[in-house]
Amino acid sequence: MTLKIFDPMLMIGISLAVVFLMPIWKTLGGKKLAWLVSVLLYAFNTLFMIGVSYRALLYPEGFVVKIGGFNPPFGIVLHVTLWGSILATFVWFVAFLSILYASTRYDAEPADVYYALLTLIALGSSGMFLTGDIFNLFVFTEITALAAFGLSGFMKKKGTSFATIKYVIMAEVASAFLLVAIALLYGKLGTLNMIDAAATLKGIGMTGAMVLSVLFFLIGYGVEAEIFPLNLWAPDVYRYVPEEVIALFISGSSKAAAFAWLRMWVMVFGVPQKLLDTMLWIGVITFIFAETMAYSQKNFRRALGYASLGQAGLVFTAISLGTDLSLKAAFLLMLNHILSEAVLFYIAGNLSEDGTAPIGVKLPLIFGFLGAVSMPPFIGFWGKIFLFMALAKTGHIAMFVLIALFSIVEVAYMYRWFVKLYGGTSQMDLTRSLSPVLLTLVSFIMWFMPLVPQAVNILDMVVKPFLQKGVM
Amino acid sequence: MRLKHILAWTFVILFVAVVAYSFSAEVPFGHDLTKLAKYYVDNTARETGIPNFVTAIVVSYRGFDTLGEVTVLLLATLGVIGILPWEKHEKVKKAHPVLLWGIRIVFPIILLVGAYIVIHGHLTPGGGFQAGAVVASAFLLYLVSLSVHLDLDNFAYTEAIAGTGFALIGVAGIFAGGAFLYNFMPKGNLFDLFSGGIIPIVYILIGLKVSSELTEVVSHMMKGGAEQ
Amino acid sequence: MTVVSFLIYVLMALMVIMAIIAAETKNLLSAAIFSGFISLVVSMLFVYLQAPDVAMAEAAIGAALSLAIILFAIKRTGEVEEK
Amino acid sequence: MMFYIAALSLIGVGLYIVLTKKNLVKVLIGISIADSGVNLLLISVGYKNGGTAPILVKGLNKPMVDPVPQALVLTAIVIGVATLALAMAVVIDVKRHFGTVELDKIIKMMRGGDKGDTENI
Numbered sequence: 001m002t003l004k005i006f007d008p009m010l011m012i013g014i015s016l017a018v019v020f021l022m023p024i025w026k027t028l029g030g031k032k033l034a035w036l037v038s039v040l041l042y043a044f045n046t047l048f049m050i051g052v053s054y055r056a057l058l059y060p061e062g063f064v065v066k067i068g069g070f071n072p073p074f075g076i077v078l079h080v081t082l083w084g085s086i087l088a089t090f091v092w093f094v095a096f097l098s099i100l101y102a103s104t105r106y107d108a109e110p111a112d113v114y115y116a117l118l119t120l121i122a123l124g125s126s127g128m129f130l131t132g133d134i135f136n137l138f139v140f141t142e143i144t145a146l147a148a149f150g151l152s153g154f155m156k157k158k159g160t161s162f163a164t165i166k167y168v169i170m171a172e173v174a175s176a177f178l179l180v181a182i183a184l185l186y187g188k189l190g191t192l193n194m195i196d197a198a199a200t201l202k203g204i205g206m207t208g209a210m211v212l213s214v215l216f217f218l219i220g221y222g223v224e225a226e227i228f229p230l231n232l233w234a235p236d237v238y239r240y241v242p243e244e245v246i247a248l249f250i251s252g253s254s255k256a257a258a259f260a261w262l263r264m265w266v267m268v269f270g271v272p273q274k275l276l277d278t279m280l281w282i283g284v285i286t287f288i289f290a291e292t293m294a295y296s297q298k299n300f301r302r303a304l305g306y307a308s309l310g311q312a313g314l315v316f317t318a319i320s321l322g323t324d325l326s327l328k329a330a331f332l333l334m335l336n337h338i339l340s341e342a343v344l345f346y347i348a349g350n351l352s353e354d355g356t357a358p359i360g361v362k363l364p365l366i367f368g369f370l371g372a373v374s375m376p377p378f379i380g381f382w383g384k385i386f387l388f389m390a391l392a393k394t395g396h397i398a399m400f401v402l403i404a405l406f407s408i409v410e411v412a413y414m415y416r417w418f419v420k421l422y423g424g425t426s427q428m429d430l431t432r433s434l435s436p437v438l439l440t441l442v443s444f445i446m447w448f449m450p451l452v453p454q455a456v457n458i459l460d461m462v463v464k465p466f467l468q469k470g471v472m
Numbered sequence: 473m474r475l476k477h478i479l480a481w482t483f484v485i486l487f488v489a490v491v492a493y494s495f496s497a498e499v500p501f502g503h504d505l506t507k508l509a510k511y512y513v514d515n516t517a518r519e520t521g522i523p524n525f526v527t528a529i530v531v532s533y534r535g536f537d538t539l540g541e542v543t544v545l546l547l548a549t550l551g552v553i554g555i556l557p558w559e560k561h562e563k564v565k566k567a568h569p570v571l572l573w574g575i576r577i578v579f580p581i582i583l584l585v586g587a588y589i590v591i592h593g594h595l596t597p598g599g600g601f602q603a604g605a606v607v608a609s610a611f612l613l614y615l616v617s618l619s620v621h622l623d624l625d626n627f628a629y630t631e632a633i634a635g636t637g638f639a640l641i642g643v644a645g646i647f648a649g650g651a652f653l654y655n656f657m658p659k660g661n662l663f664d665l666f667s668g669g670i671i672p673i674v675y676i677l678i679g680l681k682v683s684s685e686l687t688e689v690v691s692h693m694m695k696g697g698a699e700q
Numbered sequence: 701m702t703v704v705s706f707l708i709y710v711l712m713a714l715m716v717i718m719a720i721i722a723a724e725t726k727n728l729l730s731a732a733i734f735s736g737f738i739s740l741v742v743s744m745l746f747v748y749l750q751a752p753d754v755a756m757a758e759a760a761i762g763a764a765l766s767l768a769i770i771l772f773a774i775k776r777t778g779e780v781e782e783k
Numbered sequence: 784m785m786f787y788i789a790a791l792s793l794i795g796v797g798l799y800i801v802l803t804k805k806n807l808v809k810v811l812i813g814i815s816i817a818d819s820g821v822n823l824l825l826i827s828v829g830y831k832n833g834g835t836a837p838i839l840v841k842g843l844n845k846p847m848v849d850p851v852p853q854a855l856v857l858t859a860i861v862i863g864v865a866t867l868a869l870a871m872a873v874v875i876d877v878k879r880h881f882g883t884v885e886l887d888k889i890i891k892m893m894r895g896g897d898k899g900d901t902e903n904i
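Protein sequence lines, in the order shown, are assigned to chains A, B, C and D. Counting in the working numbering, the first sequence runs from 1 upward without gaps. Counting in the working numbering, the second sequence runs from 473 upward without gaps. Counting in the working numbering, the third sequence runs from 701 upward without gaps. Counting in the working numbering, the fourth sequence runs from 784 upward without gaps.
Right, here's the structure in full:
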């Protein structure tokens with residue numbers, strides 16, 4: 001079959017070869033060639049991942065790609081699901097926009113290293129979306145994290161260095177916890193393949209060691225998924241690090257960590273009921289904390305950073321609930337977050353002296369704000385509705401009320417910022433305005449998704465591989 | 473000792489007690505082999521054709537992890553280069569002659585040891601990572617003696633070519649056998665130096681890449697970045 | 701208890717004591733050296749646990765190169781921890 | 784059993800350093816100690832009583848220890864040194880900007896923090 005050519009390993013192998021050759025590109029054609037090669041690679045990968053997503057549509061449970069020709073669980077496999085491949089497509093698309101944007105940045109030296117880091121954060125997070133092996137997931141987590149450290153400290157300014165060191169220390173401690181969690185899991189279950197581990201665990205049940213393992217996985221992925229006590233590094237990073245990198249953090253590392261949590265919590269551990277309430281409350285508290293902090297901010301980027309933490313909290317809650325509806329909500333909220341906050345961050349890097357947005361990006365600004373507060377035509381609206389329905393259905397009324405209440409707070413401060421930013425007259429660099437405009441175009445296309453009859457089917461397909469047979 | 477320290481120690485002792493208890497209760501020390509391990513112990517020699525099972529797992533069964541791992545090292549190099557850019561240091565301080573001669577004698581021996589470790593990586597303990605670290609420590613010796621300037625560009629090229637070779641061997645596997653990193657070469661006889669198909673080649677590439685990356689990292693840590 | 705296993709227990713106790721000294725000393729240089737020694741002891745334990753590959757890697761990377769990286773960083777940031 | 788306790792004690796001491804110390808270099812030394820502990824823990828999980836090293840020797844057929852954790856630890860060691868190097872580079876950068884690597888002083892210097900940060904560009 002011709003669709004066989006859409007093997008994600010081909011994408012990963014070619015991308016790695018291109019990145020490894022970066023010193024050669026630089027010697028041959030300077031940083032111009034390095035930039036050109038990266039742009040072509042990202043465009044190719046975006047198209048390729050669209051093909052992979054199309055292939056994933058044909059397999060309701062996702063398809064498995066063997067590596068090295070060994071059968072699972074003995075070799076590493078990729079478990080390609082529709083959800084993962086769609087998110088990976090978005091990562092490469094945002095990376096494409098970011099590298100267009102980065103061409104206007106002259107203080108990022110050495111430039112070839114900057115482009116290589118951008119490639120590797122996209123590659124690492126798409127690997128996290130696609131892999132089906134627990135230790136391989138850890139390796140990709142580290143790739144994503146190290147690329148994030150490098151990008152975050154790249155500007156060598158006072159603010160970035162301070163923000164980065166906090167991030168580095170928290171993430172390194174988290175990675176030690178991840179390894180302990182893997183040691184527990186491997187010692188108890190004797191396998192590292194996710195599907196096999198889930199099957200083995202069903203026979204054993206949640207013992208004390210497994211509870212401990214879940215908690216350590218929570219700590220391990222919580223730092224990058226921005227869960228409340230572990231997200232204290234994030235506001236400073238969002239404040240100081242260049243906006244094209246933040247766009248990749250939003251679409252790449254934070255989404256990938258949330259997706260890893262989805263894999264472990266829902267797929268492998270099967271939503272352990274005795275820890276369910278704790279997880280839900282962690283997510284809700286993250287949301288409340290973030291929205292409260294965001295309300296009182298006087299700096300736009302800080303406010304956006306906290307808003308993004310709030311979204312991460314919602315996604316975490318939706319994933320942790322683990323029902324059909326709530327997983328759909330998580331998927332829609334993830335997409336909405338990428339489409340709205342990334343646009344706003346691209347704009348936030350180009351405010352004029354008086355703190356207004358440039359004239360060329362009026363439409364993206366409106367779209368970004370409306371998307372950020374989940375207004376009806378945007379997919380975030382459906383995400384929130386689904387989340388509310390899921391919470392009501394499972395009887396978590398207190399959380400329902402709290403999320404609704406603090407959503408109003410979100411609308412209030414977002415409106416305040418919109419009034420402040422709107423109506424500027426300054427001009428914006430054309431290359432720079434391209435990124436938010438293109439992203440807005442995609443979110444405009446997404447408006448018509450509910451009109452397509454197959455959309456409901458696609459949503460069903462997205463959550464199917466993760467649904468536990470026992471949980472409803 | 474303040475309250476904070478006492479609290480921290482209490483937390484640590486609790487942590488150790490709880491985790492050690494659940495480990496020894498459910499994963500007893502010295503327990504029997506797991507399902508995965510049994511399979512590897514029984515089948516590795518037949519499936520990969522090499523006697524060192526750790527190498528077989530690192531390069532063949534879990535070769536993709538290893539590719540990720542050299543990428544992590546590359547990222548460390550890139551990050552260190554980005555944060556502490558290399559600047560040309562013109563001054564070369566001559567080291568003491570005894571040190572200089574000592575290094576001249578020791579240096580080739582260390583390189584030889586590294587080469588031995590990597591070439592026999594699939595037969596005896598050791599392999600690409602260990603050899604890479606040994607070779608990097610030889611260069612570290614050179615750096616510390618301050619008697620030479622390493623041309624870091626050459627290390628970058630070595631690393632680029634070795635890494636690309638690894639990735640392309642993987643991609644070639646897709647076309648030759650339908651799976652990334654598929655072992656498409658003849659496996660030869662067990663215990664022979666030339667056996668195991670792509671495994672020794674990949675491990676040598678890993679050794680080259682790891683050694684050049686570690687050397688770059690260490691030299692940037694030592695001298696990179698403008699002092700203010 | 702054989703002589704070997706007794707020695708292993710002594711090594712482990714030594715390792716933990718060294719870690720505590722590294723935690724409490726104000727001199728960063730000695731903390732770094734202790735962390736290097738810990739890596740060395742850990743690599744000896746790896747040999748006892750029948751993991752020669754890992755022992756080699758830990759001795760070469762954990763004890764030598766990590767220590768070098770820490771020492772270079774200390775040289776460039778100052779030796780003494782305040783307070 | 785003793786191996787588990789020793790390994791976890793190393794992790795614990797590393798955590799203690801991270802929790803209480805303010806010097807960034809010291810914190811990273813703590814993390815590297817914890818990393819050694821994690822590696823020892825993983826290898827202990829794979830140990831089998833009476834097993835030998837997982838390398839075939841001609842004519843010898845004895846039970847072996849689990850080779851999987853050894854492969855994982857080989858990966859983890861390299862990842863550990865990579866993160867350590869990157870983190871130390873960031874610390875050197877911090878020293879260049881702030882003139883110190885004591886976390887509480889740096890936080891004081893970054894004064895303003897959340898509330899006072901009004902600059903919009």
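Each residue gets a CB set at the ideal place from its N, CA and C atoms; glycine is no exception.
- By DSSP's assignment, Leu78(A) forms a beta bridge with Val65(A) and Thr131(A).
- Proximity of the region 847-860 of chain D to the region 210-227 of chain A falls short of the contact definition, fewer than three beta-carbon pairs being nearer than 8 Å.
- For Ala225(A), same chain residues with a beta-carbon under 7 Å away, outside a window of 5 residues either side, are Ser254, Ala257, Ala258, Trp261, Ala312 and Phe316 in chain order.
- By alpha-carbon distance to Gly84(A), the top candidate from Val437(A), Ala197(A), Leu335(A) and Tyr101(A) is Leu335(A).
- Against chain D, the beta carbon of Asn626(B) has no neighbour under 7 Å; the closest one sits roughly 20 Å away.
- For Trp417(A), the enclosing alpha helix (DSSP H) has its first and last residue at Ile397 to Leu421.
- Look at Met279(A) here: in three-state DSSP terms it is helix.
- Between Leu793(D) and Leu823(D) a beta carbon distance of about 7 Å is seen, short of the 8 Å cut, so the two are scored as contacting.
- Beta-bridge partners assigned by DSSP to Ile838(D): Asn524(B).
- When secondary structure is reduced to three states using DSSP, Val530(B) falls in the helix class.
- Here the region 568-582 of chain B does not lie against the region 654-663 of chain B, with fewer than 3 beta-carbon pairs under 8 Å apart.
- Cα atoms of Ala330(A) and Phe345(A): separation of roughly 22 Å, rounded to the nearest angstrom.
- Among the residues facing chain A, Met893(D) is included, as its CB has a counterpart in that chain under 8 Å away.
- A Cβ of chain B is located within less than 8 Å of the beta carbon of Phe772(C).
- Against Tyr799(D), the close residues of chain C are Ala723, in the order they occur along the chain (beta-carbon pairs closer than 7 Å).
- In the assembly as shown, His568(B) is an exposed residue. Its beta-carbon has fewer than 16 other beta-carbons within 10 Å.
- Met847(D) has Thr835(D) as its beta-bridge partners, per DSSP.
- The three-state secondary structure of Asn727(C), taken from DSSP, is strand.
- Short of 8 Å from the beta carbon of Leu825(D), and not among the five residues preceding or following it, lie these beta carbons of its own chain, in chain order: Pro852, Leu855, Val856 and Ala859.
- Within chain D, the residues whose beta carbon sits less than 8 Å from that of Val488(B) are Ile788, Leu791, Ser792, Ile794 and Gly795, listed in sequence order.
- Just measuring C-alpha positions, the residue of Val716(C), Glu724(C) and Phe737(C) sitting nearest Ala760(C) is Phe737(C).
- Per DSSP, Lys156(A) is not a residue of any alpha helix (DSSP H), being assigned neither H nor E.
- Interface annotation, Thr883(D): not in contact with chain A, CB-CB separation never under 8 Å.
- Within the region 631-649 of chain B, the residues whose Cβ lies closer than 7 Å to any Cβ of chain A are, in chain order, Ala632, Gly635, Thr636, Ala639, Leu640, Gly642, Val643, Ile646 and Gly649.
- Under the three-state reduction of DSSP output, Glu885(D) falls in the strand class.
- Here DSSP, grouped into helix, strand and coil, assigns Val703(C) to helix.
- Under a criterion of Cβ atoms nearer than 8 Å, the residues of chain C adjacent to Ala605(B) are, in order, Ala757, Ala760, Ile761, Ala764 and Leu765.
- If you check each beta-carbon in the region 828-844 of chain D against every beta-carbon of chain B, the ones closer than 9 Å belong to Val828, Gly829, Tyr830, Lys831, Asn832, Gly833, Gly834, Ala836, Pro837, Ile838, Leu839, Val840 and Lys841.
- Here DSSP, grouped into helix, strand and coil, assigns Asn193(A) to strand.
- With a threshold of 8 Å between beta carbons, Ser254(A) makes no contact with chain D.
- Close partners of Ala868(D) in chain B (Cβ separation under 7 Å): Ala548, Val552, Val689 and Met693.
- Beta-bridge analysis with DSSP links Asn806(D) to Glu885(D).
- Between Phe177(A) and Phe149(A), the gap from beta carbon to beta carbon reaches 8 Å or more.
- Apart from the 5 residues on each side of it in sequence, Leu714(C) sits with its Cβ closer than 8 Å to the Cβ of Val741 in its chain, given in chain order.
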